[in-house]
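Q:
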Amino acid sequence: MWEVLVIGCNGITRKWLDALKGREDVVLAAFADPAVERAEALRDAYAPGAQVYDGADAALEHCKANLVLDATPPYVHHAVVTRALREGRCVLGEKPMAGDLSQAREMVACAQESSRPYFVMQNRRYLRGIQTLRAELAKTYLGKPYLVTCDMFLGAHFMGPGDGRPDFRNRMEHPVLVDMLIHTFDQARFLLGEKRAISAYCQELNPPNSWYDHSAIALCTFVFEDDSVLSLRGSWATKCENTTSHGFWRVYCTDGTACWDGAERVWVSRAQPVPSAGYFEEEGVREEIPLAYSGREDHAGCVDDMLSALNRGQTMMTDCRNNIHSLEMVHACIQSAETGKKCSISPADETA
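Position one of the sequence shown corresponds to residue 1276 (my numbering), numbered consecutively onward.
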């Protein structure tokens, strides 16, 4: 039985709690948040008998739950996760692992030293479209993937705290890189069989009509360890011809192309035999692929996978030792955007 201590009681916490609802292997033991009224509200909604604490320190001191759910802001993750792991608890945590890459690496080292699992939420791996796309690529009939492209264009207006102040994302540096594209970078690694990026180049810009203080568009190129390439354009400040928040994906392979529209359509185009020299390749034979994933989607799917792994005493694909390689891509892009140079992601930084 997993007794869960929930640290951080905000909007995203409800997605975790909805995913846990009804599970017979989970008991919500306690809720902790500096804003006690938020912890009390979640306690009343999800587990009326649970304890409430006014912060992480008090909760970890007095609650002996064996599983911590860390839904705190990123700058708090390091303190919560490392203490919980050192105390012998398992941890499930919200993305990103940390706002600082060195702290994230310390968290991975702590998980290894404590022999306790630390799994990170990457809910966008658990969507029917991307699961179907990856399964089709794994059949290998399209050949080797060599170029992945993704366009993610949105006009994202966030509401803020409701007291007249703007949302924090409207004021932060590198907003689309830091707060959004960790999803997309991680999805690309998922499609490429968890390959690790070895270099990054990023250029940022802010449209003249942007409502963000800093660049809300990022143009990113990565090279992976198998020489495949990801070309990604991500925006939070475009007004028309936008995509879904999951992006529009094309995976170009040696014998065809696989696509996902970021919603409900997956299709492949198979290359045809070359008839003669002096021509352009035709479109190929297109085939719509039925969505085949049968698990729960989004947060619920990731939570199901996390708890299944915990119950089996095994790891899973968003383990911190794998997830840190997606976070490395974010910080390499920030460095590239700030320096104007292509940045290496060194194998010397290997943590898993």
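Glycine residues also receive a C-beta, built at the ideal position from the N, C-alpha and C atoms.
Buried or exposed: which applies to A1561, given that a residue is buried once 16 or more other Cβ atoms fall within 10 Å of its Cβ?
A: Looking at the sequence provided, one finds Arg at residue 1561 rather than Ala. It counts as exposed.
Q: Taking Cβ to Cβ, would you say A1605 is nearer than 8 Å to I1457?
A: Reading off the sequence, residue 1605 comes out as Val, not Ala. Result yes, Cβ atoms of V1605 and I1457 sit closer than 8 Å.
Q: Look at the alpha carbon of T1614 and the alpha carbon of N1481, and state the distance between them as a whole number of angstroms.
A: Roughly 17 Å between the two C-alpha positions.
Q: Based on Cα-Cα distance, which residue from K1370, L1342, C1495, T1357 lies nearest to P1349?
A: Per the Cα distances, K1370.
Q: So, F1394 versus D1594, is the Cβ gap smaller than 8 Å?
A: Against a cut-off of 8 Å, the Cβ pair of D1594 and F1394 comes out as a contact.
Q: Tell me, please, which residues DSSP counts as bridged to R1508.
A: R1508 is bridged to D1426, L1494.
Q: What's the gap between the Cα of Q1397 and the Cα of D1461?
A: Cα to Cα, Q1397 sits roughly 8 Å from D1461.
Q: Rounded to whole angstroms, what is the Cα-Cα separation between D1308 and A1546?
A: Computed Cα separation, rounded: 55 Å.
Q: Which one or two residues does DSSP pair with C1365 in a beta bridge?
A: Note: C1365 sits in a beta bridge opposite L1342.
Q: If we call anything under 8 Å between Cβ atoms a contact, is I1620 one with A1472?
A: Cβ distance < 8 Å, so I1620 and A1472 count as in contact.
Q: What span of residues does the beta strand (DSSP E) with R1318 cover, start to end?
A: First-last for R1318: 1311-1321, but that is the alpha helix (DSSP H), not the beta strand (DSSP E).
Q: Ignoring anything shorter than 3 residues or poking outside the segment 1528-1553, list the beta strand (DSSP E) runs there in chain order.
A: With a minimum length of 3 residues, the continuous beta strand (DSSP E) runs that stay inside the segment 1528-1553 are 1531-1535, 1541-1545.
Q: Counting only the same chain and skipping the five closest in sequence on each side, list residues whose C-beta sits under 8 Å from that of P1323.
A: Answer for P1323: no residue qualifies.
Q: Say whether the segment 1420-1435 touches the segment 1585-1603, bearing in mind that this needs 3 or more beta-carbon pairs closer than 8 Å, one atom from each stretch.
A: Because the criterion of three Cβ pairs below 8 Å is not met, the segment 1420-1435 and the segment 1585-1603 do not touch.
Q: What residue does the alpha helix (DSSP H) around Q1478 start on, and which one ends it?
A: Q1478 -> not in any alpha helix (DSSP H); beta strand (DSSP E) instead, spanning 1472-1480.
Q: Taking only three categories from DSSP, how would you classify E1278?
A: Correct three-state label for E1278: strand.
Q: Assess contact between the segment 1280-1287 and the segment 1331-1344, defined as three or more Cβ pairs (one per stretch) separated by less than 8 Å. Is contact present?
A: They touch, by the three-pair rule.
Q: Run through DSSP, which three-state label would P1348 get?
A: Note: P1348 maps to coil in three-state DSSP.
Q: By how many angstroms is the C-alpha of E1381 removed from the C-alpha of F1523?
A: Approximately 34 Å between the Cα atoms of the pair.
Q: If distances are taken between C-alpha atoms only, which option among H1353, A1346, L1335, T1347 comes closest to E1362?
A: Of the candidates H1353, A1346, L1335, T1347, the one whose C-alpha sits nearest the C-alpha of E1362 is L1335.
Q: Using 8 Å for Cβ pairs, my map puts K1347 next to A1331. What's the rounded Cβ distance?
A: This sequence places Thr at residue 1347; Lys is not what is there. Their Cβ separation, rounded to whole angstroms, is 7 Å, which keeps T1347 and A1331 in contact under 8 Å.
Q: So what does V1327 bridge to, in DSSP terms?
A: Note: V1327 sits in a beta bridge opposite F1306.
Q: Give me the Cβ distance between G1404 and G1537, rounded to the nearest whole Å; I'm assuming they're in contact under 8 Å.
A: Indeed they touch by this definition, with Cβ atoms about 7 Å apart.
Q: When the Cα atoms are used, what is the spatial distance from V1356 to E1563?
A: Going from the Cα of V1356 to the Cα of E1563 covers about 43 Å.
Q: Thinking C-beta only, is A1410 closer than 8 Å to A1314?
A: Not in contact: A1314 and A1410 (Cβ atoms no closer than 8 Å).
Q: With DSSP as the reference, label D1375 as helix, strand or coil.
A: In this structure, D1375 counts as coil in the three-state DSSP scheme.
Q: Looking at A1493: is its Cβ nearer than 8 Å to the Cβ of A1294?
A: No. Outside cutoff.
Q: Take V1470 and list the residues in its own chain whose beta-carbon comes closer than 8 Å to its own, dropping the five residues that flank it on each side.
A: Residue identity check: residue 1470 is Lys in the sequence provided, not Val. Correct list, in chain order: R1464, F1499, E1500, D1501, S1503.
Q: What are the boundary residues of the alpha helix (DSSP H) that R1464 is part of?
A: Note, R1464: alpha helix (DSSP H), 1456-1466.
Q: Verify whether the separation of the beta carbon atoms of K1419 and C1528 is less than 8 Å.
A: Yes, the Cβ-Cβ distance between K1419 and C1528 is below 8 Å.
Q: On the DSSP letters alone, give me the boundaries of the beta strand (DSSP E) that R1561 sits inside.
A: 1560-1564 is the extent of the beta strand (DSSP E) around R1561.
Q: From what residue to what residue does the beta strand (DSSP E) around Y1393 run?
A: Its beta strand (DSSP E) spans residues 1393-1395.
Q: What number of angstroms, rounded off, separates the C-alpha of M1591 from the C-alpha of L1582?
A: Near 10 Å, if we compare the C-alpha coordinates of L1582 and M1591.
Q: Are the CB atoms of V1327 and V1301 nearer to each other than 8 Å?
A: Not a contact, by the Cβ cut-off of 8 Å.
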